[in-house]
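2 protein chains.
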Amino acid sequence: MAIPDSTTINAWTRLLRAHNHALATVEAKLKNSGMPQLAWYDVMLELERSGVSGIRPYELQAKLLLAQYGLSRLLNRMEKAGYLRRDLCIDDGRGQLLFITGKGKTMRKRMWEIYGPAIKEAVGDNLSQLEMIKLSEILGKLIKEKNAN
Amino acid sequence: MAIPDSTTINAWTRLLRAHNHALATVEAKLKNSGMPQLAWYDVMLELERSGVSGIRPYELQAKLLLAQYGLSRLLNRMEKAGYLRRDLCIDDGRGQLLFITGKGKTMRKRMWEIYGPAIKEAVGDNLSQLEMIKLSEILGKLIKEKNAN
DNA sequence: CTTATATACATGCAAGTGCATCTAATCAGG
DNA sequence: CCTGATTAGATGCACTTGCATGTATATAAG
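Protein chains in written order, with our numbering: chain A, 1 to 149; chain B, 150 to 298.
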């Protein structure tokens with residue numbers, strides 16, 4: 001039944017803890033600034049990237065590894081908040097196209113002003129360039145799904 | 150405002166993705182086996198470690214980095230499931246002492262039979278010993294709170 | 001001893017999430 | 001075309017979580 005050795009267990013627990021700690025810190029800073037969660041940022045970033053051609057929810061779902069129903073409702077909230085616009089999809093009557101609004105762009109920028117420094121504090125300030133490169137390299141091997149990203 | 154450089158951003162996104170991917174895989178395996186979530190495992194492990202002397206919820210909370218109200222209700226569910234026992238605390242009338250039950254011990258073992266191999270698959274099988282050691286070392290620098298753990 | 005403050009844990013309520021299922025549109029065969 | 005299978009997205013329901021606050025005990029200060 002292939003039990004992991006202590007080196008593996010150690011790497012695993014460190015991964016959980018480091019992630020928890022870093023993420024909690026970053027999310028807390030956003031919240032303290034009265035801003036939405038990271039998931040909202042991720043969505044808005046993808047929407048901005050897809051620009052005028054828009055993006056379909058199912059594509060977003062794949063990119064962000066979200067549950068279908070979770071995304072559906074996240075989009076509801078974000079639309080209600082005025083950060084995105086849902087349009088009918090010409091090609092596919094079942095689908096829709098998503099676009100970021102001006103308000104959404106503004107919010108994403110405001111979030112980045114908090115998010116960026118928070119990342120730096122949580123990661124960049126604690127590691128050397130070499131360490132970060134090594135870290136990225138190793139973590140990359142844990143990501144099975146080969147994303148261009 | 151100290152924006153992070155691309156190396157930092159890269160390390161950050163890899164950390165999020167690797168963690169997401171690995172954790173989702175592991176949790177999915179537990180769920181497919183009809184078992185509780187990882188949080189339950191963590192609690193039961195701590196309860197086992199604290200043995201006959203028991204452990205206070207607030208200590209558990211600190212160890213596992215859980216929200217106070219979250220833990221309170223998690224303990225409710227676990228107690229209802231028969232995995233732990235709550236006893237009055239002699240020293241402190243506000244508090245309580247937690248103990249794992251036989252049923253809890255059995256479940257923790259059963260979970261480990263899934264959890265262990267899942268960790269190995271998610272981490273151990275993808276990295277060399279040296280990489281895991283390096284990973285642990287680097288991630289350790291991201292964990293501010295100095296736990297003995 | 002009394003009063004103020006802090007700590008341990010619980011809980012009402014609103015919001016978010018997971019699961020299963022639904023509707024509607026597309027696609028694949030005939 | 002028509003029919004069955006598949007895919008995009010929404011949603012009812014039960015459960016979980018977050019926030020604020022509540023209750024009770026402990027600790028500190030006078």
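Quick reminder that beta carbons are idealized off the backbone N, C-alpha and C, glycines included.
Contact under 8 Å by Cβ, residue i with residue j
i                     : j                     : result
residue 52 (chain A)  : residue 119 (chain A) : no
residue 98 (chain A)  : residue 47 (chain A)  : yes
residue 173 (chain B) : residue 139 (chain A) : no
residue 43 (chain A)  : residue 60 (chain A)  : yes
residue 141 (chain A) : residue 275 (chain B) : yes
residue 86 (chain A)  : residue 45 (chain A)  : no
residue 41 (chain A)  : residue 111 (chain A) : yes
residue 159 (chain A) : residue 104 (chain A) : Absent from the model: residue 159 (chain A). The displayed extent of chain A is 1 to 149, so no value can be given.
residue 266 (chain B) : residue 3 (chain A)   : yes
One or two residues paired with residue i in a DSSP bridge
i                     : result
residue 158 (chain B) : Answer is none; residue 158 (chain B) lacks a bridge partner.
residue 45 (chain A)  : Its beta-bridge partners do not exist; DSSP assigns none.
residue 96 (chain A)  : A:88
Assigned secondary structure, residue i (DSSP; H/G/I helix, E/B strand, else coil)
i                     : result
residue 204 (chain B) : strand
residue 17 (chain A)  : helix
residue 138 (chain A) : helix
residue 293 (chain B) : coil
residue 123 (chain A) : coil
residue 83 (chain A)  : coil
residue 128 (chain A) : coil
residue 183 (chain B) : coil
residue 101 (chain A) : coil
residue 4 (chain A)   : coil
residue 75 (chain A)  : helix
residue 60 (chain A)  : helix
Closest residue to residue i among the options (Cα-Cα distance)
i                     : options                : result
residue 37 (chain A)  : A:62, A:114, A:94, A:2 : A:114
residue 130 (chain A) : B:156, B:271, B:249    : B:156
residue 96 (chain B)  : B:204, B:271, B:152    : Because chain B here runs from 150 to 298, residue 96 (chain B) falls outside it and cannot be looked at.
residue 230 (chain B) : B:217, B:255, B:240    : B:255
residue 225 (chain B) : B:245, B:162, B:198    : B:245
residue 216 (chain B) : B:203, B:188, B:241    : B:188
(message) Taking beta-carbon pairs under 9 Å, can you tell me which members of the stretch 8-36 of chain A lie near chain B?
(response) Sequence-ordered contacts of the stretch 8-36 of chain A with chain B read 8, 9, 10, 11, 12, 13, 14, 15, 16, 17, 18, 19, 20, 21, 22, 23, 24, 25, 26 [C-beta pairs closer than 9 Å].
(message) If the cut-off is 9 Å on Cβ atoms, which residues from the stretch 127-147 of chain A count as contacting chain B, listed in chain order?
(response) 127, 129, 131, 132, 133, 134, 135, 136, 137, 138, 139, 140, 141, 142, 143, 144, 145, 147: these are the residues of the stretch 127-147 of chain A whose beta carbon lies less than 9 Å from some beta carbon of chain B, given in chain order.
(request) Select from the stretch 60-71 of chain A all residues with a C-beta closer than 9 Å to any C-beta belonging to chain B, and list them in chain order. (result) Of all residues in the stretch 60-71 of chain A, 65 have a Cβ within less than 9 Å of some Cβ in chain B.
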